[in-house]
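Visitor: Mind looking over this structure? Questions follow.
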């Protein structure tokens, strides 16, 4: 924000717009205090040249200080850097030209006020006064009007400048401000800067996404499906997997059948032993060599898996069962009974 808007004195200078009509009315009443002289045009022109044109030339060379209200002013030592920056902007050529135009406007105003002042003769504070006294009193009033005009124009100029322009301007020093500005008034005016609430940053609503953009975002988020092999390649693989899974099941079924047969053979062997123990012993004696042979054949190489060993065990039980059956079938010769 422009720092000039924080200066209360610049806003007070704008009150000169309300004071200008009152000053013009005072000028009108002063001219009504005396009748026009033998050379009224020359008198009007001379009064305007001294009061309005002379002050305009003075203000061109020494602009009125922004921090002065003619009676009071801000002391030079109490001014802030922003105030010195704003004082440096008073040398702008357009600003000086507009201030000088105020003097040109005062010439027709002075001419009109003097020519029509007779209507306010009864209300004039200087009724029946000499013409010279009236003219001498009108000169400072014209200078005061030019002062108010200059201060109003300068305040409007400062308040409308951009903050970047003010920041880029080099501030005046105290010596420059004292020599290059018209400082009128007692240095007793000290005013704190105004505090304005900073406007909150407006949050712009996010633009709604169009259906096409939403579709593109969805495609970007969804992962791409993995490439699968062709059906011709997947069928052999599935067949091999099913065959490999079926082989252990068949082997397990064979092992179960062999174990069942072994249990049945063992049951028959036990039954035969109860009937004829000697026959069983004989058959056991005959079967020992075979069992040893089988036992020698039992150890398997480390390379063979657990499935082979489990498959061989039922075979031994079958051999035992055959041996027992053979022994039961061959009956020993009966000895003759003695006496």
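Residue numbers (the numbering used here): 79 to 417.
Positions of the beta carbon are idealized from the N, C-alpha and C atoms, including for glycine.
This one's a predicted model, so the numbers in the text were calculated from it and none came from an experiment.
#1: Give the single residue among 188, 204 and 230 whose Cα lies nearest to the Cα of residue 131.
#2: Between residue 244 and residue 163, which are expected to be in contact by the criterion C-beta below 8 Å, what is the C-beta distance as a whole number of angstroms?
#3: Under 8 Å, do residue 88 and residue 233 count as touching if we go by C-beta distance?
#4: With DSSP collapsed to three states, give me the class of residue 133.
#5: Look at the alpha carbon of residue 257 and the alpha carbon of residue 92, and state the distance between them as a whole number of angstroms.
#6: Taking buried to mean at least 16 other C-beta atoms within 10 Å of its own C-beta, is residue 213 buried or exposed?
#7: Helix or strand or just coil, what does DSSP make of residue 146?
#8: Suppose contacts are defined by Cβ-Cβ distances below 8 Å. Is residue 141 in contact with residue 272 by that definition?
#9: On the criterion of 16 or more Cβ atoms from any shown chain inside 10 Å, does residue 175 qualify as buried, or is it exposed?
#10: Taking the continuous alpha helix (DSSP H) assigned at residue 101, which residues delimit it?
#11: DSSP on residue 203, reduced to helix/strand/coil?
#12: Is residue 81 helix, strand or coil by DSSP?
#13: For the alpha helix (DSSP H) holding residue 152, just list the boundary residues, first then last.
#14: According to DSSP, simplified to helix, strand and coil, what is residue 264?
#15: Give me, in chain order, the residues of the same chain whose beta-carbon lies closer than 7 Å to that of residue 201; leave out the 5 immediate sequence neighbours on both sides.
#16: List the whole-angstrom C-beta distance separating residue 270 from residue 165, where the pair is believed to meet the contact cut-off of C-beta under 8 Å.
#17: Using the rule of at least 16 other Cβ atoms within 10 Å of the residue's Cβ for burial, across every protein chain shown, is residue 197 buried or exposed?
#18: Using alpha carbons as the reference points, say which of 227, 90 and 123 lies closest to residue 151.
#19: Which of the three DSSP states is assigned to residue 242 in this structure?
#20: Around the C-beta of residue 122, are 16 or more other C-beta atoms found within 10 angstroms, so that it is buried, or is it exposed?
#21: Have a look at 266, 86 and 110 and flag the residue whose alpha-carbon is nearest the alpha-carbon of residue 161.
#22: Tell me where the alpha helix (DSSP H) around residue 118 begins and ends.
#23: Going straight from the alpha carbon of residue 135 to that of residue 83, what length do you get?
#24: Can you name the start and end residues of the alpha helix (DSSP H) that residue 180 belongs to?
#25: Is the beta carbon of residue 105 less than 8 Å from the beta carbon of residue 216?
#26: Report buried or exposed for residue 182, applying the criterion of at least 16 other Cβ atoms within 10 angstroms of its Cβ.
Guide: Answer, in terms of the structure:
#1: Ranked by Cα distance from residue 131, the first of 188, 204 and 230 is 188.
#2: Between residue 244 and residue 163 the beta-carbon gap is near 6 Å, inside 8 Å, which marks them as a contact.
#3: With a cutoff of 8 Å on beta-carbon distance, residue 88 and residue 233 are scored as near each other.
#4: In the structure shown, the three-state DSSP call for residue 133 is helix.
#5: Approximately 25 Å between the Cα atoms of the pair.
#6: Flag for residue 213 reads buried.
#7: Reduced to three states, the DSSP call for residue 146 is strand.
#8: With respect to residue 272, residue 141 sits apart: the two C-beta atoms are not nearer than 8 Å.
#9: When all chains shown are included, residue 175 counts as exposed.
#10: Residue 101 -> alpha helix (DSSP H) spans 94-109.
#11: Three-state result, residue 203: coil.
#12: For residue 81, the three-state secondary structure derived from DSSP is helix.
#13: For residue 152, no alpha helix (DSSP H) run applies, since DSSP gives it neither H nor E.
#14: Reduced to three states, the DSSP call for residue 264 is strand.
#15: Apart from sequence neighbours up to five positions away, the residues of its chain that approach residue 201 with a beta-carbon distance below 7 Å are 107, ordered along the chain.
#16: That belief does not hold up - the Cβ atoms of residue 270 and residue 165 are roughly 19 Å apart, past 8 Å.
#17: Classification of residue 197: exposed, given that the 10 Å Cβ count is below 16.
#18: Nearest of 227, 90 and 123 to residue 151, Cα basis: 90.
#19: Look at residue 242 here: in three-state DSSP terms it is helix.
#20: Buried is the call here.
#21: If you compare the alpha carbons of 266, 86 and 110 with that of residue 161, the shortest gap goes to 86.
#22: Its alpha helix (DSSP H) spans residues 118-126.
#23: Rounded to the nearest whole angstrom, the C-alpha separation of residue 135 and residue 83 is 29 Å.
#24: Residues 171-193.
#25: Yes, they are a contact pair.
#26: Residue 182 is exposed by the Cβ-count criterion.
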